[in-house]
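Read through the structure below, which is laid out as structure tokens, and then see the notes.
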Amino acid sequence: MDNKACWSEVNRRATQHLAKMSGYSDQLRATPGPNVIKGVLEEYLGEDVDNDNWRDAIQTATILMPEFFGTHLNGHPELLFLASEKIQTVLREIYTERDWEPLRDQVNNLVDKMQGIDTMICLNLGNFFGIINEHVQNTWVIQYAVFVFMWQKVNERTEAECSEKGWKFEPIKKYFQDPSFDLRTKYLLQEIHRESDQWPNIILEHHEADRMIKDTTFVYAVHLPARASVDVLRLGPRIAVTNSSWSKLDGWARGMAETFIEQTLLTQNPEVSAQLRLLVGDHQDVKRLYDEEPVAPIPEEDHHFFATSIYVRREELEGIKLPVTPTPPGEPVRVPTPSSRTKLWTERLLRKAPR
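Numbering (full-length UniProt numbering), first residue to last: 1 to 355.
Structure below.
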């Protein structure tokens, strides 16, 4: 089989594979991956790039990011394009399938408490990996799709409120923070257009979200460890989806046990430390501020949200802030503004956003 016939067969198989999943076969265009040309870089630099360095860099890239060197569908790496289509498939299922009805009802019941939310932040979503096909549910895809579903519901509530009051409606911005994000995950979040969540996904630098969370924020953090979940709730978001306080696997009791063990080993002192006393106090403060209910079960998929709760700020306590924990000696005081790098990314993404 010559090269032309071989490529035709690759294109045909890729098209058939996606047609089974998403019904978009009439729109597909399969192409090879992009050429990475050393001469382009050399021309810009005005000097030669060492062949050994170039070879090692290409080899590293092919190992860490093989999807970008393989078949592309509609101009995107095949696996990432399939994942993007799967996100939209899952979203359609959330809206229509009976298995998702408990979650739909739970989120719809929260809508009345979403008034005034102006920011949605997703923390520690993790990296996309794995396979995409009709037989396997990808955890990252499910958890991202649920976040988008909640974002859509918040937007519906905000748009209705703006219409009622004659205000201009602007879709709520979606922010993501996870220092572990790799290139494929950033690409899936930012570079593939999806009808389901057209407004750009803005990726924050590490710790920027801490400075943005307030009582008009919705936080989605299904992967945070117990101690970090409490820290987020102390910042006072209106609604947070994160670890359950009661979880035996990674609940608040687990966090206290870990803190006690670590402090005992560090100080060689078996007494309860000041840090643990502060942590217990944090738990009590958060319990006073929030109502907690488990995320509704999703038949056959509940492991994606195992021991996860929705925390809703109690209305009678709105506006009340928890005492700020003093900055430890030697720690720099954070300036409460996004970094210039994030501002540049935000401006670039907003230019790409639909109007």
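Where a beta carbon is used, it is the ideal one built from N, C-alpha and C, also for glycine.
#1: On the DSSP bridge assignment, give the partners of GLU42 in chain order.
#2: Determine which residues share a DSSP beta bridge with PHE176 and list them.
#3: Going by DSSP, what residues sit across from ASN74 in a beta bridge?
#4: Check for me: the alpha helix (DSSP H) holding VAL280 runs from which residue to which?
#5: Round the Cβ separation of ALA226 and ASN243 to the nearest angstrom and send it over; I've been treating them as touching at under 8 Å.
#6: Alpha helix (DSSP H) containing ARG211: first to last residue?
#7: Considering only the beta carbon of each residue, do GLN197 and ASN127 sit closer than 8 Å?
#8: Let me check understanding here. Comparing Cα to Cα, which of GLU164, LYS173 and LYS186 lies closest to GLN152?
#9: Starting from the C-beta of TYR144, find all residues in its chain whose C-beta is less than 7 Å away, skip the five residues before and the five after it, and write them out in chain order.
#10: Checking 8 Å against the spacing of the C-beta atoms, do MET150 and VAL107 come in under that value?
#11: Give every residue of the same chain whose Cβ lies closer than 8 Å to the Cβ of GLU331, excluding the five residues on either side of it in the sequence, and list them in chain order.
#12: Spell out the partners DSSP gives ILE239 in its beta bridges.
#13: Mark ILE63 as exposed unless 16 or more other C-beta atoms lie within 10 angstroms of its C-beta, in which case mark it buried.
#14: Between LYS113 and the rest of its own chain, which residues show a CB-CB distance below 6 Å, the 5 nearest in sequence each way excluded?
#15: Given a threshold of 16 other Cβ atoms within 10 Å of its Cβ, counted over all protein chains shown, does SER84 qualify as buried or as exposed?
#16: Residue range of the alpha helix (DSSP H) that TRP151 falls in?
#17: Looking at PRO237 and VAL219, is the spacing between their C-beta atoms short of 8 Å?
#18: So, at 8 Å on beta carbons, what are the nonlocal neighbours of LYS168 in its own chain, with the 5 sequence-adjacent residues on each side left out?
#19: Let me know the secondary structure DSSP gives ALA296 once reduced to three states.
#20: Which residue spans inside the segment 49-95 form an unbroken alpha helix (DSSP H) run of at least 4?
#21: So does the segment 269-282 actually touch the segment 203-219, counting three or more Cβ pairs closer than 8 Å?
#22: For a test of the three-state rule: what should DSSP assign to ALA257, helix, strand or coil?
#23: Given a cut-off of 8 Å, decide if ILE117 and ARG104 are closer than it, judged by their beta-carbon atoms.
#24: Buried or exposed, going by whether 16 or more other CB atoms sit within 10 Å of the CB of TYR187?
#25: Skipping 5 residues on each side, what residues in its chain have a beta carbon closer than 7 Å to that of PHE69?
#26: Applying the 10 Å Cβ sphere with the 16-neighbour rule, what's the burial state of ASN138?
#27: Would VAL230 and TRP246 be called neighbours here (beta carbons separated by less than 8 Å)?
#28: Which first and last residues belong to the alpha helix (DSSP H) in which VAL107 is found?
#29: Mind checking whether ILE132 and LEU189 have CB atoms under 8 Å apart?
#30: Apart from the five residues on each side of it in sequence, which residues of its chain come closer than 7 Å, Cβ to Cβ, to LEU41?
#31: Rank PRO179, HIS283 and GLU315 by C-alpha distance to the C-alpha of ILE239 and give the top, closest one.
#32: From the DSSP output, in three-state form, read off ALA30 for me.
#33: Given a threshold of 16 other Cβ atoms within 10 Å of its Cβ, counted over all protein chains shown, does ARG59 qualify as buried or as exposed?
Here's the rundown:
#1: As a position in the sequence shown, residue 42 is number 42, starting the count at 1. In the DSSP output, where bridge partners are listed per residue, GLU42 has none listed.
#2: Locating residue 176 in the sequence shown gives position 176, where the first residue counts as 1. Per DSSP, CYS122 and ILE203.
#3: Within the sequence shown, numbered from 1, the residue matching residue 74 stands at position 74. Partner(s): none; ASN74 has no beta bridge.
#4: Taking the sequence shown and counting its residues from 1, the one referred to as residue 280 is at position 280. Per DSSP, VAL280 belongs to the alpha helix (DSSP H) from 274-289.
#5: Mapped onto the sequence shown, residue 226 falls at position 226. Mapped onto the sequence shown, residue 243 falls at position 243. Taking the Cβ atoms as the reference, ALA226 lies roughly 5 Å from ASN243, within the contact range of under 8 Å.
#6: Here residue 211 is taken as the residue at index 211 of the sequence shown, counted from 1. Segment 208-212, the alpha helix (DSSP H) holding ARG211.
#7: Residue 197 sits at position 197 when you count from the first residue of the sequence shown. Residue 127 sits at position 127 when you count from the first residue of the sequence shown. Sequence inspection shows Asp at residue 197; the Gln mentioned does not correspond to that position. Taking 8 Å as the Cβ cut-off, ASP197 and ASN127 do not qualify as a contacting pair.
#8: Residue 152 sits at position 152 when you count from the first residue of the sequence shown. Of the listed residues, the one whose Cα sits closest to GLN152 is LYS173.
#9: Your numbering for residue 144 matches position 144 in the sequence shown. Closer than 7 Å at the Cβ level, and outside the excluded window around TYR144, lie ILE87 and LEU125.
#10: Position 150 of the sequence shown, counted from the first residue, corresponds to residue 150. Position 107 of the sequence shown, counted from the first residue, corresponds to residue 107. It is a contact, given that the beta carbons lie within the stated cut-off.
#11: Counting from one through the sequence shown, the residue named residue 331 turns up at place 331. Residue confidence for GLU331 is low, a pLDDT of 37 falling below 50, so the modelled location carries little weight; the figure read from the coordinates is stated next. Excluding positions up to five away in sequence, the list is empty.
#12: Locating residue 239 in the sequence shown gives position 239, counting from the first residue. Answer is PHE218 and VAL312.
#13: Here residue 63 refers to the residue found at position 63 when the sequence shown is read from its first residue. Label assigned to ILE63: exposed.
#14: Residue mapping note: residue 113 aligns to position 113 of the sequence shown, counting from 1. Same-chain partners within the cutoff: VAL312.
#15: Counting from 1 along the sequence shown, the entry for residue 84 is found at position 84. When all chains shown are included, SER84 counts as buried.
#16: Position 151 of the sequence shown, counted from the first residue, corresponds to residue 151. Taken as a continuous stretch (DSSP letters only), the alpha helix (DSSP H) holding TRP151 covers 139-165.
#17: In the sequence shown, counting from the first residue as 1, residue 219 sits at position 219. In the sequence shown, counting from the first residue as 1, residue 237 sits at position 237. Result yes, Cβ atoms of VAL219 and PRO237 sit closer than 8 Å.
#18: Walking along the sequence shown from the start, residue 168 turns up at place 168. Contacts found: CYS162.
#19: Mapped onto the sequence shown, residue 296 falls at position 296. If DSSP states are grouped into helix, strand and coil, ALA296 belongs with coil.
#20: Within the segment 49-95, complete alpha helix (DSSP H) segments of at least 4 residues are found at 51-64, given in chain order.
#21: They do not touch, by the three-pair rule.
#22: In the sequence shown, the residue the question calls residue 257 occupies position 257. ALA257: helix per DSSP, three-state reduction.
#23: The residue given as residue 104 occupies position 104 in the sequence shown. The residue given as residue 117 occupies position 117 in the sequence shown. No. Outside cutoff.
#24: Position 187 of the sequence shown, counting from 1, holds the residue named residue 187. Result: buried.
#25: On the sequence shown, position 69 is the one that residue 69 refers to. Excluding positions up to five away in sequence, the list reads GLY33 and THR62.
#26: Along the sequence shown, read from residue 1 onward, the residue named residue 138 stands at position 138. Counting every other CB atom within 10 Å of its CB across the protein chains shown gives ASN138 a total of 16 or more, marking it as buried.
#27: Mapped onto the sequence shown, residue 230 falls at position 230. Mapped onto the sequence shown, residue 246 falls at position 246. One thing to note: VAL230 has its Cβ no nearer than 8 Å to the Cβ of TRP246.
#28: As a position in the sequence shown, residue 107 is number 107, starting the count at 1. Segment 101-110, the alpha helix (DSSP H) holding VAL107.
#29: For this step, residue 132 is matched to residue 132 along the sequence shown. For this step, residue 189 is matched to residue 189 along the sequence shown. For the pair ILE132 and LEU189, the CB atoms are not nearer than the 8 Å cut-off.
#30: For the purposes of this step, residue 41 is taken as residue 41 along the sequence shown, with counting starting at 1. So the list reads VAL49, once near-sequence residues are dropped.
#31: Here residue 239 refers to the residue found at position 239 of the sequence shown. For ILE239, the closest of PRO179, HIS283 and GLU315 by C-alpha to C-alpha distance is GLU315.
#32: If you number the sequence shown from 1, residue 30 lands on position 30. DSSP places ALA30 in the strand class (E or B) of the three-state scheme.
#33: Residue numbering aside, residue 59 sits at position 59 when the sequence shown is read from its first letter. Note that residue 59 corresponds to Gln in the displayed sequence, not to Arg. By the neighbour-count rule (16 or more Cβ atoms within 10 Å), GLN59 is not buried but exposed.
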